[in-house]
Structures are given as structure tokens and as C-alpha cells.
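Take a look at the structure set out below.
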Amino acid sequence: MSKIIVFGASGQLGHCLKKVAADEQITDIYFPVEGEANILDEPALEALFEKNKPQFCINCAAYTAVDKAEEDMHTARKVNADGAANLAKLCKAHGATLVHVSTDFVFEGNTPYPLTEADAANPINVYGLTKLEGEHAIAEVLPEHYTLRTSWLYSEFGNNFVKTMLRLGAERDELRIIADQVGTPTYAIDLAKCILDIIAADNKQYGIYHYSNEGVTSWYDFAQAIFDISKTQVKVYPIRTAEYPTPAIRPTYSVMDKAKVRSTFNIQIPYWRHSLETCIKRLSEQQ
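Following the working numbering, the numbering of the sequence shown begins with 2 at its first residue and continues without gaps.
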């Protein structure tokens with residue numbers, strides 16, 4: 002395995018990459034602390050590249066507070082667009098390949114079919130806009146990149162929908178969950194495996210790829226599955242988006258087509274509910 006640096010190592014996906022790397026005995030991978038690898042600090046990045054001379058960089062660093070981004074576009078853009086551009090420039094200068102993580106939120110989400118990489122991006126919130134700007138900034142300066150768009154990330158690590166539902170399900174008798182936003186949950190461990198498999202393949206078929214778990218669900222059905230699998234007794238009622246207004250508008254349908262990543266890298270993608278079962282089992286073992 003080539004020498005790899007992971008940016009955003011303290012976040013959810015960074016922790017999942019650590020676990021997968023350990024499980025697969027990948028040792029030539031470096032997870033710098035945040036102060037050493039701030040993607041907005043170009044001198045620090047230059048020093049990191051000079052010291053480690055990586056062949057691959059994985060960018061998990063992102064501003065992901067979707068609602069907060071609506072009132073803090075400046076910070077979201079600095080991290081999601083400018084930070085991505087900084088890494089692309091450093092990778093180009095040092096001959097490294099960048100693996101960048103993006104989002105289904107680059108799409109408007111009003112189509113009735115799974116979205117391919119060729120479909121036009123048209124974000125409807127600031128988070129999605131700044132992530133798309135990051136994609137464009139990378140593509141402008143660095144041909145040698147893989148951009149992986151993903152959706153609805155969760156895992157044993159960090160804050161996410163699965164852990165929130167398990168907590169609320171234990172605290173409350175009933176919950177109301179949005180049922181008219183449809184997409185696909187993604188177990189961040191599966192995404193981490195996909196990223197490391199792409200790096201191991203090193204087939205140089207650069208560009209944008211979609212990766213989520215297989216299948217389609219709503220937030221309501223996702224929550225119901227969490228409670229069914231964990232045997233949590235709580236009543237769950239479906240509601241419409243209009244009944245739970247948020248500062249940021251979300252895509253109504255953002256299911257992504259994964260045919261390209263499957264065929265290009267021979268990636269086996271698990272069904273979302275199977276991966277959810279694995280995650281909940283691991284969470285229960287931690288208690």
C-alpha cells in the first residue's frame with residue numbers, strides 16, 4: 002500500500018479509516034492531528050507534504066453543519082472549497098493523488114431516478130453549494146483525483162443519525178420523523194473500505210464516483226429500522242418536511258447510482274440494512 006495521509010482524521014470517517022486500516026493491517030498510512038493538518042494553513046500543509054512525501058491524500062475534512070452553513074457561508078466555503086483547493090495544489094506540486102469526499106447534496110434532488118455522475122449538479126443549500134465549489138476547485142488544478150460523493154453517513158463514531166435515534170428512542174415514548182425525503186444511508190466503515198480499495202487498485206481512472214450503501218429508504222423508514230434492529234420500544238410517526246422546517250432545504254430524492262464505482266474498481270457494496278445491523282451490533286458491544 003502506498004504512503005497515505007488522511008486529513009480530517011479526527012472526524013467520523015477519519016476514525017473509520019483508522020479502524021479499517023488497522024483491521025486490514027495497512028501501516029503505511031498517517032493520521033495527523035488537527036493542528037498539524039489544518040487544510041486552511043498552507044505553510045503547515047507544505048511542511049507536512051515535505052516531511053511525509055505522500056503518494057495519496059484522503060480529504061475527510063469538511064464543514065458539515067448543513068443548517069448552520071446557511072448563516073455562515075464564509076466558513077463553510079473556506080473549509081469546503083478553499084481547503085479542498087489547497088490540498089489539490091499541494092498534491093499537484095508533490096505528485097500525489099487526492100481522494101476527496103463530497104456529498105449527494107450537490108444535487109437538487111427532484112428526479113425520480115438514481116443519480117449518475119453525469120447528471121447535472123444543482124445544489125439547493127449552502128452546504129451543497131460549497132461542496133460543489135470544492136469539487137470544481139480540485140478538478141481545475143489536479144487531474145489526478147478521485148471524488149467520492151456519499152450520503153447519510155453513520156457509524157459507531159462521532160455524532161450521526163443512528164446514534165441520535167438510539168439515544169432519543171431510549172429517552173422518549175414517541176418520535177416524529179420525516180418520511181418524504183428519500184436517499185440511502187451509508188455505513189462510514191463501508192465507505193472507508195471503498196476508499197482504501199480504490200487506492201490499492203491505483204488504476205488511474207480519475208474523476209467523480211458515487212458511493213453509498215445499496216437500496217433506498219426514507220428517514221422515517223431508516224429510523225424504524227434502527228429501532229427494529231436494536232429492539233427499542235418507541236412509537237415512530239411519519240411527518241412531511243413542511244412539518245419540520247429547517248434553515249437549509251434538503252433534496253427530496255438523492256439516491257445515487259453506484260454502477261460506475263462497482264464496475265471500475267470491482268467494489269462489492271452492501272445493502273444498507275445489512276450494514277446497519279453490523280453497526281448496531283458493534284454499538285451494543287461497546288456498552
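Every residue, glycine too, gets a C-beta built ideally from N, C-alpha and C.
Note that the structure is predicted; figures quoted are calculated from it, not measured.
Cβ-Cβ separation, residue j to residue i (assumed contact under 8 Å), whole Å
| i | j | result |
| --- | --- | --- |
| Asp191 | Pro271 | 6 Å |
| Gln182 | Arg274 | So it is not a contact: roughly 18 Å between Cβ atoms. |
| Leu176 | Val235 | 6 Å |
| Cys61 | Leu14 | 4 Å |
| Tyr64 | Ala77 | 4 Å |
| Gly135 | Ala82 | 5 Å |
| Phe266 | Asp198 | 6 Å |
Of the residues the options, the one placed nearest residue i, counting alpha carbons only
| i | options | result |
| --- | --- | --- |
| Phe108 | Leu176, Ile268, Ile230 and Val256 | Val256 |
| Ser213 | Tyr207, Ile196, Leu169 and Val34 | Ile196 |
| Thr279 | Ala189, Val217, Ile200 and Ser219 | Ala189 |
| Ile200 | Leu18, Gly12, Gln13 and Gly9 | Leu18 |
| Arg168 | Ser231, Asn39, Glu136 and Ala122 | Ser231 |
| Thr1 | Leu41, Ile5, Ser285 and Ala62 | No information on residue 1 is available, as it lies outside the stretch 2 to 288 that the chain covers here. |
| Ala119 | Thr65, Phe266 and Ile209 | Ile209 |
| Pro186 | Phe162, Pro239 and Gly170 | Phe162 |
| Tyr254 | Asn53, Pro113, Ser276 and Ile59 | Pro113 |
| Ala138 | Cys92, Ala180 and Asp229 | Cys92 |
| Pro55 | Phe32, Asp258 and Ala66 | Phe32 |
| Thr247 | Gly96, Ala66 and Gly12 | Ala66 |
| Asp258 | Cys58, Gly184, Asp198 and Val237 | Gly184 |
| Ala224 | Lys20, Lys164 and Ala243 | Lys164 |
| Thr218 | Gly170, Asn111 and Ala180 | Ala180 |
CA-to-CA distance, residue j to residue i, given in whole angstroms
| i | j | result |
| --- | --- | --- |
| Ile27 | Val7 | 13 Å |
| His211 | Ala260 | 8 Å |
| Met2 | Leu88 | A caution first: Met2 carries a pLDDT of 44, below 50, which makes its placement in the model too unreliable to give a value. |
| Ile281 | Thr104 | 24 Å |
| Ile178 | Ser264 | 35 Å |
| Lys79 | Leu41 | 7 Å |
| Ala122 | Gln287 | 40 Å |
| Trp220 | Ala94 | 43 Å |
| Ala10 | Glu37 | 11 Å |
| Asn39 | His75 | 17 Å |
| Glu157 | Ala22 | 16 Å |
| Asn1 | Asp203 | In the structure as shown, the chain begins at 2 and stops at 288. Residue 1 is therefore absent and cannot be evaluated. |
| Asp174 | Lys194 | 37 Å |
| Thr117 | Val34 | 35 Å |
| Leu49 | Phe57 | 13 Å |
| Ile59 | Gly96 | 14 Å |
| Val237 | Leu277 | 18 Å |
| Pro124 | Glu172 | 35 Å |
| Gln269 | Val262 | 9 Å |
| Gly170 | Asp222 | 14 Å |
| Gly110 | Thr242 | 14 Å |
| Ala249 | Asp229 | 30 Å |
| Lys90 | Glu47 | 10 Å |
| Glu244 | Gln206 | 44 Å |
| Lys51 | Lys20 | A small fix is needed here, since residue 51 is Glu in this sequence, not Lys. Rounded to whole angstroms, Glu51 to Lys20 spans 26 Å at the Cα level. |
| Arg283 | Glu43 | 38 Å |
Cβ of residue i within 8 Å of any chain B Cβ
| i | result |
| --- | --- |
| Ala260 | Reference to chain B is not applicable here, since this structure consists of a single protein chain. |
Pair within 8 Å by beta-carbon distance, residue i and residue j
| i | j | result |
| --- | --- | --- |
| His16 | Gly159 | yes |
| Asp24 | Ile5 | no |
| Ile227 | Met166 | yes |
Segment contact, 8 Å Cβ cut-off, at least three pairs: the segment 90-102 with the segment 139-153: yes
Segment contact flag, the segment 130-144 with the segment 79-88, C-beta cutoff 8 Å, min 3 pairs: yes
Any 3 or more C-beta pairs closer than 8 Å across the segment 62-73 and the segment 127-134: yes
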